[in-house]
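Going left to right, the sequence shown walks through residues -1 to 625 as our numbering numbers them. Virtual Cβ for every residue (Gly too), placed ideally from N, Cα, C.
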Amino acid sequence: METSAALCKVRVDLFSPKAMRNGFSSSHHIASQVNYSNVVNMVTMTKLLFFMLELWSVTVVWGAVDPYRTHCCLCNNLMPSDTPPNSKPQIMPSPFKIKVSSDTYTLDQELTVELVAEGEATFRDFMLVAWPTDNRPRTSLGTFTLLGKEYSPKQNCYNNERQTYAIQTADRIPKKYLRFTWETNRFEGHIEFRATFIVDDETYWVAESSPLVVDPSPNAPPLPRTPGPKITPYINVDECGLQKGCYREPAGCLEPYCEYIVTWQGTTDKVRFELSGLTDSGQDRYIAVALSNDTYMGEDIVFACTHDSSDDSTRVYISYNDHNRNINLDKDNANIRKQVITNEEGSNHNGRVRCRFTVDREIDYYYPQLTHIGGQHYHLLLARGEAIRGTMKRHGLGVNEIPVSSPGKIDFFSVDNINGRARYPLVKAHGCLMILAWVFFASIGLLMTKYYKPMWPNKRMFDHRYWFVAHTNCMSSMFIITIIGIILIFVEAGGWSVAPDLPQRAHPILGIIILVCIIINPIIALIRPSEEHKCRPVFNWFHWAFGTIANVLAIPQIFIGMDFGKANVPWWATWILVIWVIVHIVIELSLEVHQCCTYKKNKERRRKYELQKRENPKMHIDEPEPA
């Protein structure tokens, strides 16, 4: 996602420009081959550029993680403003009610309007308005009185004809009960009170309505007589485990509060299904159940409960999943579908798509691509998304988008009460290994070569400098762990796999780029020229470039990976990585400040060392200890 990409920390720190000049295993002769002052100028400019990039990354990180402050509200639709990306109004039944003292109103009569929170619920902010119920524009009607100073009237909310008010507050104090009075000096037609309730930045109910308040005047328009939408009755979960089998998520939920629920009752020749799920309250949505031999898409029978806004109908369609796409089998076979699917009913109401239907077990007789729904057991895969005239669009792969799979296989002759969802341990292992490789080993290895190489110029372990031993071991561990992690995810995905949407679509591509870089880098390290060789600076720059590319891409790659639904990463884990990014920046800035403070002293010591080396080229002289 956008958020994941914005959280990347640009870290061009694989090797410092000083390392480019002096080499990687020692610092003996390269500096004597170039003009020292020119190199210092180049180094200074390069380090300044990198330092500016580091500061920019701090700004990006803080801008990305700064809490959104959802504000209330817009006049025309009562929607909050400044909401976080991808946040949507709640579709569950609201715990907040609008109560009116009378179901009619007269001129200059005060109506009492109450905002009431049920149970333990509270709301932080709200906006309340009186709206007409006919086809007139949604403008505020009448005025609210008895307003406290903590409530701000929003004057003439899309109504420039006369003095009217909506009312709102943004004091961010939890509320359970509020009471106001409303009156008008003219008959407005039938009205209703609407209110938006904001609980927190991501939880809000929009334009909740009161009961109808009738205009009793002789010229009032007729009361609405149009029948309400046909709503399929709730699924009775009391029969689960007794008269029918059930699979629901979350465990033990009542049907109006279930994210998904599917029930079944099997006979010798048919299976009766009930299917229901939450959507985003839009039109043209679907809830689908797939009968699969495993927990992955491919070679599956799919029954999709699909809403079509063109005729406000909700029908069940049969389709088939191959390994790459969904194939609608009913497009040119409507008559066949009616023989396979019977006793069909469905609705899309209040953000919930619900269907009931009976399926012939000998479905393979009508659709040769499918298998007989007989004694075979299946995993149930439940998905949701958008549809176009009965054809499902592909669902996403992010959190709350990926299909939910039953943990075990289902027997349609049983009345089992199933809970839980399938897990994907290889995806978890892949993510854990990548975090270990890049957050721990790569970070330590890079800090060692950038800052501790000049700090420990002479300290050795097995004839190698400390920084080189630490850098080599950390980078080797990172390389091995990354290769193992990539193998695991290829096994999980069954080969190359591409997500339908960004940012997940970029994840495998970035992963291959990183893989190529970390394979090339150790190869060129093994064939690096000696420190005195004229091509050594060329090796230094290539080694730095490939490492920098891998490291710069790895950070957003980790954040993108955490957004995959199969990883099942809790929301707070992202903040742990954000904290790591900030801590790493603080460490680098501290070490950078230390280098700047000791730069002049170290420069003078280095100058004397280079002078001694030129005067005594065959004598071993220890490099100067840093200040």
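Residues that residue i bridges to, as DSSP identifies them
i	result
T480	Bridge partners of T480: none, in fact.
C238	K242
E200	E200 is not bridged to any residue.
M390	A385
T141	E181
L123	Before going on, a small fix: residue 123 reads as Asp here, not Leu. Answer by DSSP bridge pairing, in chain order: I196.
Y175	V114
S274	I259, R352
Y284	T304, G383
F191	A128
E247	Y258
G264	V269
F94	A115
L289	I299, L378
H69	S79
Cβ-Cβ distance between residue i and residue j below 8 Å
i	j	result
I189	P130	yes
A115	F191	no
V300	C353	no
I516	F477	yes
I233	S274	yes
V357	V269	yes
I371	S208	no
S403	H377	yes
I171	L126	no
Y643	T304	The structure shown has nothing for residue 643, since the chain only spans -1 to 625.
D282	A385	yes
A302	M390	yes
T182	G140	yes
D199	P87	no
D306	R387	yes
A119	F94	yes
D106	V211	no
S279	I442	no
N322	E297	no
T312	G344	yes
G483	A435	yes
A420	T293	yes
D409	G239	no
H505	G545	no
L424	L486	yes
G418	P405	yes
Residue of the options minimising C-alpha distance to residue i
i	options	result
A552	G509, W539, D561, N538	G509
Y163	P172, I171, R136	R136
A286	D198, G383, L513	G383
L380	L276, P535, P220	L276
Y255	S92, T167, F411, E530	S92
A548	I487, A497, K601, T480	T480
H69	D123, R458, A119	D123
P219	N326, A504, D132	D132
F185	T104, S138, T194, G264	T104
I361	L289, H582, Y597	L289
T194	F121, G187, F410	F121
L72	G117, V260, T167, N84	T167
M473	V437, A504, Q502	V437
R335	V351, F355, V413, N346	F355
Q502	I556, N348, E590, T261	I556
(request) Could you tell me whether the region 357 to 373 touches the region 238 to 257, where touching means 3 or more Cβ pairs closer than 8 Å? (result) Taking 8 Å as the limit for Cβ pairs, the verdict is that the region 238 to 257 does not touch the region 357 to 373.
(request) Would you check if the region 426 to 437 and the region 333 to 345 touch, i.e. whether three or more CB-CB distances between them fall below 8 Å? (result) With a cut-off of 8 Å, the region 426 to 437 and the region 333 to 345 do not count as touching, because too few Cβ pairs lie within range.
(request) Run through the region 414 to 477 for me and flag every whole alpha helix (DSSP H) of 4 or more residues, listed as ranges in chain order. (result) Listed in chain order, they are 423 to 433, 441 to 445.
(message) Quick test of the definition: if touching needs 3 or more C-beta pairs under 8 Å, does the region 387 to 403 touch the region 557 to 574?
(response) The region 387 to 403 vs the region 557 to 574: in contact.
(message) Three Cβ pairs or more, each shorter than 8 Å: is that satisfied between the region 163 to 182 and the region 98 to 114?
(response) The answer is yes - the region 98 to 114 touches the region 163 to 182, with three or more Cβ pairs under 8 Å.
(request) Inspect the CB distances between the region 491 to 502 and the region 435 to 455 and report whether three or more fall short of 8 Å. (result) Taking 8 Å as the limit for Cβ pairs, the verdict is that the region 435 to 455 does not touch the region 491 to 502.
(request) Inspect the CB distances between the region 69 to 79 and the region 195 to 205 and report whether three or more fall short of 8 Å. (result) Output reads yes: the region 195 to 205 touches the region 69 to 79.
(message) Tell me whether the region 212 to 223 and the region 238 to 248 touch, counting them as touching only if at least three CB pairs, one residue from each stretch, are closer than 8 Å.
(response) By the Cβ test, the region 212 to 223 is not in contact with the region 238 to 248, since fewer than three Cβ pairs between them sit closer than 8 Å.
(message) Please give the ranges of any alpha helix (DSSP H) in the region 292 to 352, keeping only runs that are unbroken, at least 4 residues long and fully inside the region.
(response) Listed in chain order, the alpha helix (DSSP H) elements of length 4 or more contained wholly in the region 292 to 352 are 332 to 338.
(message) I want to know whether the region 468 to 476 touches the region 440 to 449 - three or more CB-CB distances under 8 Å.
(response) Touching, yes, given that three or more Cβ pairs across the two stretches are closer than 8 Å.
(message) In chain order, what are the residue ranges of uninterrupted beta strand (DSSP E) at least 3 long that sit wholly in the region 531 to 600?
(response) If you keep only unbroken beta strand (DSSP E) runs of at least 3 residues inside the region 531 to 600, you get nothing at all.
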